[in-house]
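Peer 1: I have a structure I would like to understand better, so I am pasting it below and will then ask my questions one at a time.
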Amino acid sequence: MTGTFRYENPDIIHFGLGCVGESLSAELDRFGAQRAFLVTTASAGKGAGRAVAEVLGKRLAGRYDRITQHSPVASVMEAATAAREARADVLVSAGGGSPIDAAKAAAFALATGLDLRDPASLAKARGASPKGALPHLAVPTTLSVAELSGSAGFSAESSREKVGVAARELRPAAVFYDGTLAVDTPMDLWLSTGVRAVDHAVETIFAEGEHPLPDATAAESLRRMPKALLAAKADPRNAEARGEGQIAAWLSYLLPGPAARGLSHTLGKRIGSRHGIPHGVTSCLLLPHVIRFLGPRKPEALERLRAGLGPDPAAAIADLVARLGLPQHLSQWKLTESDLQEAVAPLAGKPYSAEELLGIMRASL
């Protein structure tokens, strides 16, 4: 067997309690940055965002704190405009996947001059290079791992479909896993994005091809994440448990492209933004059924999953979701059969049939 592995994660990961206070200023110095622009949400802006702003001090040139779930493209462009007007020389994101993706997409828009609200510009974006994009420092407060890749998802204005841009230049220049800044993250969001990280690990192992290092870290993530999530649920102010969850999430995502294009993720994106279902919750709903579907088709990958999850990986994840008190049934969102058919239609034959995909969806009801 021969193969080639290329690291797609950011070059620098800072981790441990207090690492933002210790290392953020040094990262700004590395870029000679004097005008930092903070991208966050209304809720994260009161906790982690405030702490980050305090570290930035006089170098904070502006902020945008109106990013909401699924990063609506209008908000992305508002953030980009505000950053340009602030003459930003570095972007700093604080919060979950939505503000982190919004910062990446804003960096793309600023570097290319494209208005991502315009469908024609969005079509051009697929071939555009964001050369010279502003550096981006990411301070995640959920376990979605948006900070670990150069892809940025956001929701289109007209259809609410999830779309996006991607380039290596959009990878954050540095990531800060600081559990002390995650203790205020709402528990349901923390736990559901933790299951999302479990999903990343599973999709890594199911991905086509040979990838021994990501497989090994994914299996380790599957061993560590359930304990970290249960510990955080038992004591929401446990910064060490939050930090352990962040490490487990990092380990889940050394194969960003294939892990984000797996079957659970792909189906989840088809129903998430359109029906108001958070990303992490789509993993809670779909992942056990995806494993039951793919396991017999990929027996070697199923054996690797057993190393991290035990003899019945699908049952183990369903049990974890139940113990965490997270949603387990898609019927809660009142999707109709027509909604399900519409969701799977663009995916049919790539490579699974519409009826096979509907079977997964129906099993989750």
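1396 is the number that the numbering used here gives to position 39 of the sequence shown; each next residue is one higher, with no gaps.
Cβ coordinates follow ideal geometry from the N, Cα and C atoms, glycine included.
#1: Whole angstroms are fine: how far does the CA of PRO1708 sit from the CA of THR1537?
#2: Between which residues of its own chain and ALA1464 is the CB-CB distance below 7 angstroms, once the five residues before and five after are set aside?
#3: Which one of ASP1696, PRO1456, LEU1505 and THR1359 has the shortest CA to CA distance from TYR1534?
#4: Return yes when the Cβ of ALA1523 is within less than 8 angstroms of the Cβ of VAL1430, no when it is not.
#5: Apart from the five residues on each side of it in sequence, which residues of its chain come closer than 7 angstroms, Cβ to Cβ, to ARG1663?
#6: Using only the alpha-carbon positions, how far apart do LEU1643 and GLN1603 sit?
#7: Under the assumption that LEU1586 contacts GLY1637 (Cβ atoms under 8 angstroms), give the Cβ distance between them as a whole number of angstroms.
#8: Quick check on the burial criterion: 16 or more other C-beta atoms within 10 angstroms. Buried or exposed for LYS1626?
#9: Taking 8 angstroms as the cut-off, does the segment 1441-1456 touch the segment 1385-1398 (at least 3 CB pairs, one atom from each stretch)?
#10: Looking only at C-alpha atoms, which of GLU1442, GLY1521 and ALA1531 sits nearest to ASP1475?
#11: Which first and last residues belong to the beta strand (DSSP E) in which PRO1723 is found?
#12: Taking contact to mean at least 3 C-beta pairs separated by less than 8 angstroms, is the segment 1395-1412 in contact with the segment 1359-1373?
#13: Here's a check: name, in chain order, each residue in its chain whose Cβ is nearer than 6 angstroms to the Cβ of ASP1386, leaving out the five neighbours to either side.
#14: Put LEU1448 into one of helix, strand or coil per three-state DSSP.
#15: So, are the CB atoms of ALA1480 and LEU1473 less than 8 angstroms apart?
#16: If I measure Cβ to Cβ from LEU1624 and keep anything under 8 angstroms in the same chain, skipping five residues before and after, which residues do I get?
#17: Run the CB neighbour count on ASP1556, radius 10 Å, all protein chains shown included, and call it buried at 16 or more, exposed below.
#18: Please give the ranges of any beta strand (DSSP E) in the segment 1529-1592, keeping only runs that are unbroken, at least 3 residues long and fully inside the region.
#19: Which stretch, first to last residue, makes up the beta strand (DSSP E) that contains LYS1519?
#20: Do you know how far the Cα of LEU1722 is from the Cα of ILE1634?
#21: So for VAL1701, helix, strand or coil by DSSP?
#22: Can you check which of these residues, ASP1545, ALA1436 and ALA1598, is closest to ARG1680 by C-alpha distance?
#23: Kindly list the residues whose CB is nearer than 6 angstroms to the CB of SER1428, restricted to its own chain and excluding five residues on each side of it in sequence; keep chain order.
#24: DSSP three-state call for LEU1395: helix, strand or coil?
#25: Please name the residue, chosen from LEU1413, SER1478 and VAL1412, that lies closest to MET1434 on a Cα-to-Cα basis.
#26: How long is the line joining the alpha carbons of LEU1471 and MET1358, rounded to whole angstroms?
#27: Measuring alpha carbon to alpha carbon, tell me which residue in VAL1540, ALA1658 and PRO1543 is nearest THR1561.
#28: Short check: CB of GLY1453 to CB of THR1499, under 8 angstroms?
#29: What's the call for ASP1592, buried or exposed, on a 16-neighbour Cβ count within 10 Å?
#30: Ignoring anything shorter than 4 residues, give me the alpha helix (DSSP H) runs that lie fully in the segment 1645-1677, in order along the chain.
#31: Is it a yes or a no for the segment 1681-1699 touching the segment 1599-1617, going by three-plus beta-carbon pairs under 8 angstroms?
#32: Is it true that the CB of ALA1617 sits closer than 8 angstroms to the CB of SER1549?
#33: Could you pull the start and end residues of the alpha helix (DSSP H) that PHE1465 belongs to?
#34: In terms of residue numbering, what span does the beta strand (DSSP E) encompassing HIS1622 cover?
#35: Nearest to ALA1530 by alpha carbon, out of GLY1375, SER1380, ARG1580 and GLY1360?
#36: Using the Cα positions of GLU1694 and HIS1622, report the straight-line distance between them to the nearest angstrom.
Peer 2: Straight from the coordinates:
#1: 43 angstroms
#2: LEU1448, PRO1487, ALA1490, LEU1491, HIS1493 and LEU1527
#3: LEU1505
#4: no
#5: PRO1670
#6: 22 angstroms
#7: 11 angstroms between Cβ atoms; not a contact.
#8: buried
#9: yes
#10: GLY1521
#11: Residue 1723 is absent from the structure shown; the chain starts at 1358 and stops at 1722.
#12: no
#13: none
#14: strand
#15: no
#16: THR1639, LEU1643, VAL1647, ALA1700, VAL1701, LEU1704, LEU1714, ILE1717 and MET1718
#17: buried
#18: 1531-1534
#19: 1519-1523
#20: 14 angstroms
#21: helix
#22: ASP1545
#23: SER1455, ASP1458, ALA1459 and PHE1511
#24: strand
#25: SER1478
#26: 43 angstroms
#27: ALA1658
#28: yes
#29: exposed
#30: 1656-1666
#31: no
#32: no
#33: 1454-1469
#34: Not the beta strand (DSSP E): HIS1622 falls in the alpha helix (DSSP H), residues 1620-1632.
#35: SER1380
#36: 20 angstroms
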